[in-house]
Structures are given as structure tokens and as C-alpha cells.
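Colleague: Dropping the structure in here first, questions after.
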Amino acid sequence: MSEEELRRQAVEVLDANWERDHTVPSRALYPHQWSWDAAFIAVGLAHHRPERAWRDLRSLFAAQWYDGRVPHIVFDPDVSERDYFPGPAFWDAPASPGRLGGLTTGIVQPPVHAVAARDVYLRCLDRDAARHELEWLYPRLVKQQTYLFEGRDVAGDGLASIVHPWESGLDNSPAWDNALAAVPVDLSLLRSHRRQDTQVSVHSHRPTDTDYARYIAIAAAYRDGGYLDEGLLERHPFLVECPSFNALLALAELALAGIAEVIGADAAPHRDRAEHITKVLVDRLFNPSTGMFHARDVRTGQLSTARCVSGLIPLVLPGLPEAHRSSLLEVARSEAFGLGGELPLPSYDRTAPDFDRLRYWRGPVWINVNWLLWQGLRAHGHEHEAAALRAAMLGVIRRGGCHEYFDPVTGHGIGAAAFSWTAALALDLMAATP
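Below, the structure is given as C-alpha cells:
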């Protein structure tokens, strides 16, 4: 497939997945609006339909909760409850001023939206109109960050905790295995709550029933606690500090600093917070013996031993200390991840005995995390390796289409076809200088 043919295919995917005021990730599997998907999609729409990029972000933040959280799903009221589980009836989200109840989930996803808003602004020819969009988004983005800094600093150490594996965006990553092991498994939940994902996707590619039963139990526990974040340590079964989530929290502050400069706000507090998070991230989640970052179970204080791509994502931070940057690069170049090879990085250590090349975040290649690593390589001046990673990403998309994820051995596309963030990020990669 030529680059022009790939560009045409990517545009067709984004156009086909546009739904009134937002883009769905995939018509069959993900028929609503997802939070971090919307951010990655906006990055690509900036090259195709920038007005849609702004509308996507606006529609997401129109569903922001009173406390600042941006829900991980905004449900389309025209989609039947039968077509996606867990749907709005399960989440039973409360109403808040200016927002109807029951149309969102109560959990969040990584805060990559400020990064997307800054990137869309930089690509817009009409800077006055784009500045107006930033002025609308900025206070909402700040409120999102404040919620994560304050409401989710469960351990009191300056890092945000996730209360569900889905909040990481890396749903069934081995990074959560130890923390999940403490959550009781009740498979009867799958009789009363029927999975929809395995009806439209290959079962062996999706999280296991055991994982899913735990996901339902954790979500129900947070819901039944009124989605309150006070006292989580005493009552909630899953609390983890994720290195990629917190690295993106810091990266969002740097993006907000850039946005603040555009609209005439004070950028200094954002840079200070980014510096603070980076320092705490290094102090708390870096393991010198593995040379990378790891998830920390807040309950036990233990770092996961799993070597996951989430542990490389802090490379996006320009303020990462040189020793840690070098260490991450060494791990990324190793046999475990294969930076510099013909394929992008897998989601999990290729050499691990439980590496699964087909099961969701336990091995397959995902374009969004590779795109983030590509950004990190460029930020630290590793242009040659950044160019190689860009070529590897475009190579698998060109051969396999705009799939949800890819086989880390063959490069074949797997998961949902016509997947929006893959299409969007392909447009961004093609627009970049090789």
C-alpha cells in the first residue's frame, strides 16, 4: 500500500466513525466515545478535519463531572444497552449541574487531552479561532488535572492512583496481575452481566473471564461507594500507581504550560507541577534492577515485577534525568522490546514466559503507546531511532490496515478493524518529517 493509499484509508476510517459530535473508536466493538481515544483521534483529525478535532474534545469535556473527572466513556443515548457492556445502567452515574445523569462511566483514563489540544492548535491555520478553542478548554483541562492531583493522591506521595485497570488504558496488562490477585473472583457475575466484547471479537484475543469478573467487581465497588475518593485505602479493592498514567499527567502539565502562554495565563505552576511529578515518579516507581518503571500496588507498597511498555512511557518527559533516560533506552533496545527493529514495541516483554502475542495488552503492538514513545525519542534528540520507530509503525499499518492492535511477531492486524486512533495517528506520522 502506498503512502497516498494509506492516507486515503485512514481518512475513510475517521469519516466512517464520525458520529454527530464525536468519533467512535470502532463501530462494532466500541460504539460510544472513549476518553483517551478522543485525544489521540483529535491529533489525527487536525490533519484532516480540525473542526472535528475541536468538536471531539468539546463533546468529551461537556461530560466532565463537577469534581473535574473526565469519564472514560461518554455513552451515546441512541445505542442500545444491549450493544455494549458495562453500559450506562450498570454505571448508574449521578447527574450534576449541566449534565444528565446515567450517560457516563465514573472512572477516568490517562489525561492526554492537553497534549492533543496543544497539538491541534499548532496545526491550525486559523490561530485566532484555535485560540478561542483553547480558552474554552483550558479551565476544564486544569480542573481535570486538579482532580487527579488532589482526589487521586491516595498514598499521599504526589502520584495519582488508578482505581480500576481500565483507567490505565492498558486494560489487562501484566502490570496489574499482583494487585488483581487480591480481588476475589466471582464468575457468577458473568452470568448476570453478559460480556459483549467476546460476541464481536475473538475470545482468545480479549481479557479472560477471570479478569473480566474482577473488572466488574472493582467497578461495582467504586460505583457502590458513590464514586467518592475519600477513604479509598480503607474500602477499595484495587489501588495502583501506574508509571504511564503519571508520566502523562506530568506531560499534560507541560502541554498546559504551552497553552497558558498562548491564552495569557500563568505557565509557571504547570511547569512546577510537571517537575514535581517527574521527581516523585523517579523516586517511587523506578526499579534500578530492571532499569525501568513499574506499577506500584498502593496497598502493599510493592512494585510489580512485570516489564511492560507502561514502564517505558516516562521517556516522554523532557525533564527525565539522564541516567533514567539512558536506562529506559537500553531496555527499549533489548530483546524484550526490540526498539530499532522492523516492528514497533510490544506491550509486554517478548522474553517473558507468559508473553501472549494475541491477547490484548499482554503482548500485542499498539500504535498509541508507540506514538508516545516516538514523541519521547524526538524530545530527547534520538532522531535516528525515532525515524526507525515511525517507519515500523507505518509499516505495520500499511501491511495490516488500521487495526486496533498488531501481532508482535508477524505484524498482522488483530482486534477491531477500522480503528480510529490507529487511523488518526497514521495521519500524524505521515505528516511528520521522516
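Numbered according to the numbering used here, the sequence shown spans residues 295 to 728.
C-beta: ideal position from N, C-alpha, C; glycine also.
Do you know offhand how far His706's Cα is from Trp715's?
Modeller: A straight-line Cα-Cα distance of about 17 Å links His706 and Trp715.
Colleague: For His678, count neighbouring C-beta atoms within 10 Å of its own C-beta (all shown protein chains included) and say buried if the count is 16 or more, exposed if not.
Modeller: exposed
Colleague: Just how far apart, CA to CA, sit Ile512 and Trp385?
Modeller: Roughly 12 Å separates the two Cα atoms.
Colleague: Quick check on Phe334: does DSSP put it in helix, strand or coil?
Modeller: helix
Colleague: Pick helix, strand or coil for Glu698, following the three-state DSSP scheme.
Modeller: coil
Colleague: Just mark Gln438 as buried or exposed, buried being the case when its beta carbon has 16 or more other beta carbons within 10 Å.
Modeller: buried
Colleague: Alpha carbon to alpha carbon, how far is Met724 from Val477? Give it in angstroms, no decimals.
Modeller: 43 Å
Colleague: Within the chosen definition, does the stretch 624-644 reach the stretch 564-571 through at least 3 CB pairs nearer than 8 Å?
Modeller: Fewer than three Cβ pairs drawn from the stretch 624-644 and the stretch 564-571 lie within less than 8 Å of each other, which leaves the two stretches out of contact.
Colleague: Going by beta carbon distance, what residues of the same chain come within less than 7 Å of Asp309, once the five residues before and after it are set aside?
Modeller: none
Colleague: Do Leu351 and Leu431 have their beta-carbon atoms positioned less than 9 Å apart in this structure?
Modeller: yes
Colleague: Classify Glu427 as buried or exposed, calling it buried when 16 or more other Cβ atoms lie within 10 Å of its own Cβ.
Modeller: buried
Colleague: Using the three-state DSSP reduction, which class does Arg656 fall into: helix, strand or coil?
Modeller: coil
Colleague: Which term fits Gln403, buried or exposed, when burial requires 16 or more other beta carbons within 10 angstroms of its beta carbon?
Modeller: So Gln403 ends up on the buried side.
Colleague: Measuring straight from C-alpha to C-alpha, what distance separates Asp405 and Leu688?
Modeller: The displayed chain sequence assigns Pro, not Asp, to residue 405. Straight-line Cα distance between these residues: approximately 25 Å.
Colleague: Among Phe713, Asn664, Arg578, which one has its Cα closest to the Cα of Ala686?
Modeller: Asn664
Colleague: What are the partner residues of Gly707, as DSSP defines its beta bridges?
Modeller: Phe700
Colleague: Answer with buried or exposed for Glu461, where buried requires no fewer than 16 other C-beta atoms within 10 angstroms of its C-beta.
Modeller: buried
Colleague: If we require 4 or more residues per run, which alpha helix (DSSP H) segments fall completely within the stretch 605-636?
Modeller: 616-627
Colleague: When burial is assigned at 16 or more other CB atoms within 10 Å of the CB, is Gly338 buried or exposed?
Modeller: buried
Colleague: Less than 6 Å between C-beta atoms, sequence neighbours within five positions excluded: which residues of the same chain meet that for Ala682?
Modeller: Gly634
Colleague: Between the alpha carbons of Ala332 and Ala554, how many angstroms are there, rounded?
Modeller: 22 Å
Colleague: Between the Cα of Ser296 and those of Ala710, Gly695, Asp701, Asp451, spot the shortest distance and give me the residue it belongs to.
Modeller: Gly695
Colleague: Considering only the beta carbon of each residue, do Thr571 and Leu533 sit closer than 9 Å?
Modeller: Rather than Thr, the amino acid found at residue 571 in this sequence is Ile. Their beta carbons are not under 9 Å apart, which means Ile571 does not touch Leu533 by this criterion.
Colleague: Please report the residue range of the alpha helix (DSSP H) in which Tyr516 lies.
Modeller: It spans 503-518 - the alpha helix (DSSP H) in which Tyr516 sits, taken as one unbroken run.
Colleague: Within this structure, are the beta carbons of Arg434 and Gln358 separated by less than 9 Å?
Modeller: yes
Colleague: Does the distance from the C-beta atom of Leu666 to that of Pro658 stay below 9 Å?
Modeller: no
Colleague: Just reading off the alpha helix (DSSP H) that Arg446 is part of, what are its end residues?
Modeller: Run containing Arg446: none; DSSP gives neither H nor E here.
Colleague: So, using beta-carbon positions, are Tyr699 and Tyr654 closer together than 9 Å?
Modeller: Closer than 9 Å, so yes.
Colleague: On the premise that Leu575 lies in contact with Pro608, defined as a C-beta separation below 8 Å, what is that separation, rounded to the nearest angstrom?
Modeller: 6 Å
Colleague: Take the Cβ of Thr440 as the centre, count every other Cβ of all protein chains shown within 10 Å, and call the residue buried at 16 or more, exposed below.
Modeller: exposed
Colleague: Bridge partners for Ala403 per DSSP, in chain order?
Modeller: The amino acid occupying residue 403 in the given sequence is Gln; Ala does not appear at that position. None, per the DSSP bridge assignment.
Colleague: How far does the alpha helix (DSSP H) with Asn466 in it reach, from first residue to last?
Modeller: No alpha helix (DSSP H) contains Asn466, which DSSP labels as neither H nor E.
Colleague: For Ala541, which option in Glu375, Glu624, Pro612 has the closest C-alpha, if you only look at C-alpha atoms?
Modeller: Each of Glu375, Glu624, Pro612 was checked against the Cα of Ala541, and the nearest Cα belongs to Pro612.
Colleague: Going by DSSP, what residue range makes up the alpha helix (DSSP H) through Asn540?
Modeller: 537-557
Colleague: Which one of Leu527, His588, Glu313 has the shortest CA to CA distance from Asn472?
Modeller: His588
Colleague: Below 8 Å, is the gap between the Cβ of Ala389 and the nearest heavy atom of the ligand SAH?
Modeller: The model on display carries no ligand, and the ligand SAH is accordingly not part of it.
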